[in-house]
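Under this note's numbering, think of the first position of the sequence shown as 331, with each following residue one higher. For every residue, glycine included, the Cβ atom is placed at its ideal position computed from N, Cα and C. Just so you know, these numbers come straight off a predicted model, no measurement behind them.
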Amino acid sequence: MSVITNFKKRQQFKAQKEQASVKEKLAQQPQSEESETTALTLLAQLLNVSEEKAINEATKYVESNINYFGVDPATGEDRSALVEVTKDDNGNITHVEGTDIKTAIDESTADLAEQTAELATELSTTADAVQSAASDVEGAASDVEGAAEKVSDSASDLAYTAEDINAATDELKEVAAEIKKPSAAQKSTSSKKANAQKNSSKK
331 MSVITNFKKR QQFKAQKEQA SVKEKLAQQP QSEESETTAL TLLAQLLNVS
381 EEKAINEATK YVESNINYFG VDPATGEDRS ALVEVTKDDN GNITHVEGTD
431 IKTAIDESTA DLAEQTAELA TELSTTADAV QSAASDVEGA ASDVEGAAEK
481 VSDSASDLAY TAEDINAATD ELKEVAAEIK KPSAAQKSTS SKKANAQKNS
531 SKK
């Protein structure tokens, strides 16, 4: 057996002996009804239970070898606190600041709500900017479409103009051909006259 086990057994035996001694003394002392009622009331208040449960609760403590328990004199519900300790370079505590957990949570929640609201505003602004850019793109697309239609119309006009020019060219060719025909006849007449003159000169 280890030293620790022996020590625990000795402490347990000592506590049991003390409990038996207390029970024996209580059994030997005559108690009045009034003192029993007062003791029961005090025990119930001490354990923070009803008088009906006070003896059972106290017995549980005794059976668990609990011979000391702390009592929190503060009223109201238990509250947790967050403590921030500031130390200097030598490790000495220079400042201790305590904050109630509920207050810290409330502050964190408020900060988070504020950040969420700011983020929502930024997202809304971004969405507006995106929508405006989309409108600009749509307008530019309409302008491009209009310009394309104008180019198409201009191309059609040019095609018609080219056709007109071709037709005019054909007409000019025909006119030129017509003009050339009489001049050829004149040339043949002129050549006949020249031949006649040559013949007459030979005679």
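Taking the beta strand (DSSP E) that V426 belongs to, which residues open and close that run? 423 to 430
So, for K533: in the same chain, excluding its five sequence neighbours on each side, which residues have a beta-carbon less than 8 Å away from its beta-carbon? Note that K533 has pLDDT 48, beneath the 50 cutoff, so the model's placement of it is unreliable and the number below is only indicative. No residues qualify anywhere along the chain.
Do you know offhand how far D487's Cα is from K510's? 34 Å
Which stretch, first to last residue, makes up the alpha helix (DSSP H) that contains N420? Unbroken run through N420: none, as it is neither H nor E.
Per DSSP, what are the beta-bridge partners of V415 in this structure? V426
Between which residues of its own chain and V426 is the CB-CB distance below 6 Å, once the five residues before and five after are set aside? V415
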